[in-house]
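Note that our numbering has the sequence shown beginning at 14, numbered continuously upward.
Glycine included, each C-beta is placed from N, C-alpha and C at the ideal position.
Just below is one structure, and these are the notes that go with it.
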Amino acid sequence: MDELRHECGLIGAVATDGGNVVEAVYLGLYAQQHRGQEGAGIVSRSRLKTRVHRGLGLVAEVFSPKAKEYLAGHMAIGHNRYATSGKATKLRNVQPLLVDCRGGKLAIAHNGTLVGAAELRRRLEGMGSIFQTTTDSEILLHLAARSPKRGMVARMSEALGEVRGAMTLLAMDEETLLGYRDPMGFRPLVLGRAAERIYLASETCAFDILGARIEREIQPGELVVVHGGEVEVSQLHPAGPRRQCIFEHIYFSRPDSQVFGESVDRVRRRLGAALARRHPVEADIVIAVPDSSNGAALGYARESGIPFEFGLIRNHYVGRIFIQRGSAGRQNAVRVKFNAVREVLAGKRVVVVDDSIVRGTTSRQLIGLIQRAGAREVHLRVSSPPICHPCFYGIDTPTWDELIAANQSVEEIRGFTGATSLGYLTEGDLLGCVGRPQDYCLACFTGDYPTEIPARRGAHRGCRMVTGVGDG
Ligand code: SF4
14 MDELRHECGL IGAVATDGGN VVEAVYLGLY AQQHRGQEGA GIVSRSRLKT RVHRGLGLVA
74 EVFSPKAKEY LAGHMAIGHN RYATSGKATK LRNVQPLLVD CRGGKLAIAH NGTLVGAAEL
134 RRRLEGMGSI FQTTTDSEIL LHLAARSPKR GMVARMSEAL GEVRGAMTLL AMDEETLLGY
194 RDPMGFRPLV LGRAAERIYL ASETCAFDIL GARIEREIQP GELVVVHGGE VEVSQLHPAG
254 PRRQCIFEHI YFSRPDSQVF GESVDRVRRR LGAALARRHP VEADIVIAVP DSSNGAALGY
314 ARESGIPFEF GLIRNHYVGR IFIQRGSAGR QNAVRVKFNA VREVLAGKRV VVVDDSIVRG
374 TTSRQLIGLI QRAGAREVHL RVSSPPICHP CFYGIDTPTW DELIAANQSV EEIRGFTGAT
434 SLGYLTEGDL LGCVGRPQDY CLACFTGDYP TEIPARRGAH RGCRMVTGVG DG
């Protein structure tokens, strides 16, 4: 699909009574399936053994009852993978990564992207490190393995001090579970508890399925160590400035999660209401591009007073076989994934709310679908500003050359999609919908990257000043 892709969900669990946590980690991965659908893995620790099981595909496909039985243990970490830095989906790139090193077994699961990973990797290879995967997460393992410090916590702490970028991670050895969120806090990490269970997860929706309560969000730069049934949180690196990924609210996270201290559903409804104020239009119905735009479409409908309808139906059972790369694959994926409800759309002036436009090909297909179902007008409203720049912090975006807003004006994008009118949110509108606007990264809209980035390739026209065009 022509959409931004999440990169990775994390879940870690420790049973303070020595019970088995593997089913809980499996369910936590299952709840966070939206964060990565190309592979999944669990590393577990029982009294005597560290075990690993990883596979390509969805969580339910990867872990058979037999695999879960094999993994039984009182401590475990799990990872949902969507490939970015490791690119092609190969089993060896599926996490958690597990190695034997001087200090014993060490496993890590990472959400994010290291800045300057290629150079770090070359430096480590020059010193004799042999890499087994193409993921940048393995760099952390090699740095930790080389550390002269004693103990996993000290080694990982030293390794984390040598890297920059988006790093939310879980690590474990035979005795200890560790969690960490980088000083800018790009990706979320939350601590939760249930009776005799301690959990760390990317999203709170994982706790709901486990009957756990949210204890606290791990703050930027903090290290959490779970050892001997005790939880110790310390400030490993000075925090800030915070640069939390605003797309966790716009699109990536589940609406039933609390992310960066706010309800994702509430933020999305506010985005929709702001969009209705910014780009009002005379129309008969508001529809969403399901599922991620449902909240924003409801917000638009409520603010505008235009009724919300289900005009597009999403097939939830499209497997990864249809997630093909290349534009032909993307076009098929749109037809397979969505269908229009003729009875809702025929003869209507339709507002269709989507969360983002990446290359523009999905929007074009969807608008064609709505028009063929008989809609009289199709007004496209986008609950984010134009994406003009790629992400270097763990989200798979195309290059500047492929991002339609980096190369075309809003009027040209409207023409390409075939919409009657097109309206985006402004950056100010977007920030007005979150509680602490100063804490967010907006680099894919502004190009104002909070860290160094790889040298820019390809020409682009930069971003437009207007955010809405067309007869609406
Ligand atoms: S560049 Fe965009 S997608 Fe990447 S972290 Fe920043 S806000 Fe999120």
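According to DSSP, is residue i helix, strand or coil?
i	result
Arg-420	For the sequence presented, residue 420 should be read as Asn rather than Arg. Three-state DSSP puts Asn-420 in a helix.
Gly-360	coil
Phe-351	strand
Tyr-489	Since the first residue shown for the chain is 14 and the last is 485, residue 489 is missing from the structure and cannot be characterised.
Glu-20	coil
Ser-376	helix
Phe-335	For Phe-335, the pLDDT reaches just 46, beneath the cut-off of 50, and the residue's location in the model is therefore unreliable, although a value from the coordinates is still provided. Helix.
Leu-156	helix
Gly-192	strand
Ile-370	coil
Thr-464	coil
Lys-118	strand
His-47	helix
Gly-99	Because Gly-99 sits at a pLDDT of 46, beneath the cut-off of 50, its placement in the model cannot be relied upon, and the following sentence gives the value as read from the coordinates. In this structure, Gly-99 counts as coil in the three-state DSSP scheme.
Leu-110	strand
Say the cut is 8 Å; is the CB of residue i nearer than that to a heavy atom of the ligand SF4?
i	result
Tyr-406	yes
Leu-17	yes
Leu-455	yes
Ala-130	no
Ala-179	yes
Arg-105	no
Phe-260	yes
His-92	no
Arg-256	yes
Thr-410	yes
Phe-429	no
His-402	yes
Using a Cβ-based criterion (distance less than 8 Å to any ligand heavy atom), does residue i qualify as near the ligand ADP?
i	result
Tyr-193	Here the bound small molecules are the ligand SF4; the ligand ADP is not part of this structure.
Would you kindly check if the distance between the Cβ of residue j and the Cβ of residue i is under 9 Å?
i	j	result
Gly-32	Arg-210	yes
Val-75	His-66	yes
Phe-199	Gly-139	no
Ala-89	Leu-119	no
Arg-355	Glu-316	no
Cys-48	Glu-216	The residue asked about is misnamed: residue 48 is Arg in this sequence, not Cys. Their beta carbons are under 9 Å apart, which means Arg-48 touches Glu-216 by this criterion.
Val-203	Phe-220	yes
Ala-363	Val-395	It should be pointed out that residue 363 corresponds to Val in this sequence rather than to Ala. Cβ atoms of Val-363 and Val-395: not closer than 9 Å.
Tyr-313	Ala-286	yes
Ala-301	Asp-367	yes
Leu-17	Ile-298	no
Pro-251	Gly-224	no
Arg-94	Cys-21	yes
Phe-405	Val-128	yes
Ala-273	Ser-369	Looking at the sequence provided, one finds Phe at residue 273 rather than Ala. Going by C-beta atoms, Phe-273 is not nearer than 9 Å to Ser-369.
Using a Cβ-Cβ cutoff of less than 7 Å, which residues in the same chain neighbour residue i once the five nearest sequence positions on both sides are dropped?
i	result
Met-478	Legend: pLDDT at Met-478 = 45, less than 50; position of this residue unreliable, value from coordinates given subsequently. Answer for Met-478: no residue qualifies.
Val-277	His-262, Ser-266, Arg-267, Pro-268, Ser-270
Val-166	Thr-189, Leu-191, Val-238
Thr-459	Glu-440
Val-280	His-262, Cys-446, Val-447
Glu-245	Val-238
Val-294	Val-364, His-392, Ser-434, Gly-485
Lys-81	Val-35, Glu-36, Tyr-39
Ile-227	Val-203, Gly-205, Thr-217, Phe-220, Gln-271
Alpha helix (DSSP H) containing residue i: first to last residue?
i	result
Gln-248	Looking at the DSSP string, Gln-248 is not in any alpha helix (DSSP H); the run it does join, the beta strand (DSSP E), is 243-248.
Met-185	Not the alpha helix (DSSP H): Met-185 falls in the beta strand (DSSP E), residues 181-185.
Phe-220	218-223
Asn-307	307-317
Ala-172	165-174
Asp-442	440-444
Ile-263	Unbroken run through Ile-263: none, as it is neither H nor E.
Arg-283	277-291
Leu-71	Neither: Leu-71 is in no alpha helix (DSSP H) and is coded neither H nor E.
Gly-41	35-44
Tyr-83	78-84
Leu-393	Leu-393 -> not in any alpha helix (DSSP H); beta strand (DSSP E) instead, spanning 390-395.
Ser-139	Per the sequence shown, the amino acid found at residue 139 is Gly instead of Ser. 130-139 is the extent of the alpha helix (DSSP H) around Gly-139.
Might you give, ordered along the chain, the residues of its own chain that have their beta carbon closer than 6 Å to the beta carbon of residue i, omitting 5 neighbours on each side?
i	result
Val-357	Glu-322, Gly-324
Cys-258	Phe-199, Cys-454
Thr-29	Glu-209, Gly-242
Ile-319	Ala-296, Val-299
Pro-467	none
Might you give, ordered along the chain, the residues of its own chain that have their beta carbon closer than 8 Å to the beta carbon of residue i, omitting 5 neighbours on each side?
i	result
Ile-222	Leu-40, Gly-41, Tyr-43, Ala-44
Pro-411	Val-371, Arg-372, Pro-403
Asp-461	Leu-455
Gln-384	Val-391, Gly-431
From which residue to which residue does the beta strand (DSSP E) around residue i run?
i	result
Ala-214	210-214
Leu-435	434-437
Ile-227	226-230
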